[in-house]
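According to the working numbering, the sequence shown holds residues 1 to 137 in order.
Ideal placement from N, C-alpha and C gives every residue a C-beta, glycine not left out.
The structure displayed is predicted, hence computed values, not measured ones.
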Amino acid sequence: MTAAAATIQSEKWQGPRRGFPIAGKFLFAAIEPNKKLINLSAVIWIDTRYKNLDYQLIDYPGEYDIQGMTIKCFLGKGDKLNYVIDLDKKIIWIFQSPEVLENDEVGVVNERFYTDDRVAKKIDQMELEGEQKKLED
Numbered sequence: 001m002t003a004a005a006a007t008i009q010s011e012k013w014q015g016p017r018r019g020f021p022i023a024g025k026f027l028f029a030a031i032e033p034n035k036k037l038i039n040l041s042a043v044i045w046i047d048t049r050y051k052n053l054d055y056q057l058i059d060y061p062g063e064y065d066i067q068g069m070t071i072k073c074f075l076g077k078g079d080k081l082n083y084v085i086d087l088d089k090k091i092i093w094i095f096q097s098p099e100v101l102e103n104d105e106v107g108v109v110n111e112r113f114y115t116d117d118r119v120a121k122k123i124d125q126m127e128l129e130g131e132q133k134k135l136e137d
C-alpha cells in the first residue's frame, strides 16, 4: 500500500472496520478481507503484488471479469476508487468521487451506493434515475 493510501484508509475513510456488504457478493471498504466475497478497496493500493492472496481483492483501477461479472474500477480524487458492477442484468455503482459520474463509461444504473454527499448532489444535478443509498456507519 502506498503511504497516501494508508493515510486515506486509516484517517480519512470513515467506513466501518468490517466494510459494507453489497448484493451478497461484494464487500466494500473493509479493513479485514472476507474470503467468501469479492473485496473492493476504498482506496488505491499497489500496482504490483508479489504474492497470491487467498481472497479476491480489487484495489487498482481497471476492468475485471470475476465469476461472470464485469467490474470496472475508476480512480477519483484523493486516490479513492469508484466501481461500476455489471451483475447479470443489474448495474450497481459504488461512488466516492462526484467527478467520476461524468465519465462516459459509467452508463445506466439500477442501484447506486455513495459515501460522500457531494456524489448525491451531483446525481441530483444530473437528474439520474435509479435507487441510491448512502454508505455510512
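Query                                                                                                                                                                             : Result
At what residues does the alpha helix (DSSP H) containing residue 18 begin and finish?                                                                                            : Here residue 18 belongs to no alpha helix (DSSP H), and DSSP marks it neither H nor E.
If contacts are defined as beta-carbon pairs under 8 angstroms, then residue 101 and residue 126 qualify, I think. What distance do you get, rounded to the angstrom?             : 6 angstroms
Using the C-alpha atoms, what's the distance from residue 52 back to residue 107?                                                                                                 : 33 angstroms
Can you tell me the Cα-Cα spacing of residue 112 and residue 79, whole angstroms?                                                                                                 : 20 angstroms
Let me know if residue 10 comes out buried or exposed under the rule of 16 or more other beta-carbons within 10 Å of its beta-carbon.                                             : With a pLDDT of 39 at residue 10, under the threshold of 50, the modelled position of that residue is not reliable, and the figure given next carries that caveat. Exposed, because fewer than 16 other Cβ atoms sit within 10 Å of the Cβ of residue 10.
With a threshold of 8 angstroms on Cβ separation, who are the neighbours of residue 96 within its own chain once the five nearest residues in sequence on each side are excluded? : 42, 76, 80, 81, 82, 114, 115, 116, 119
Can you tell me whether DSSP reads residue 37 as helix, strand or coil?                                                                                                           : coil
Since I believe residue 122 is in contact with residue 98 (beta carbons under 8 angstroms), could you give me their beta-carbon distance rounded to a whole number of angstroms?  : 4 angstroms
So what's residue 169 in DSSP terms, helix, strand or just coil?                                                                                                                  : What the structure shows of the chain is the stretch from 1 to 137, and residue 169 is not part of that stretch, so it cannot be assessed.
According to DSSP, is residue 25 part of a helix, a strand, or is it coil?                                                                                                        : coil
Are residue 64 and residue 44 closer than 8 angstroms when you measure CB to CB?                                                                                                  : no
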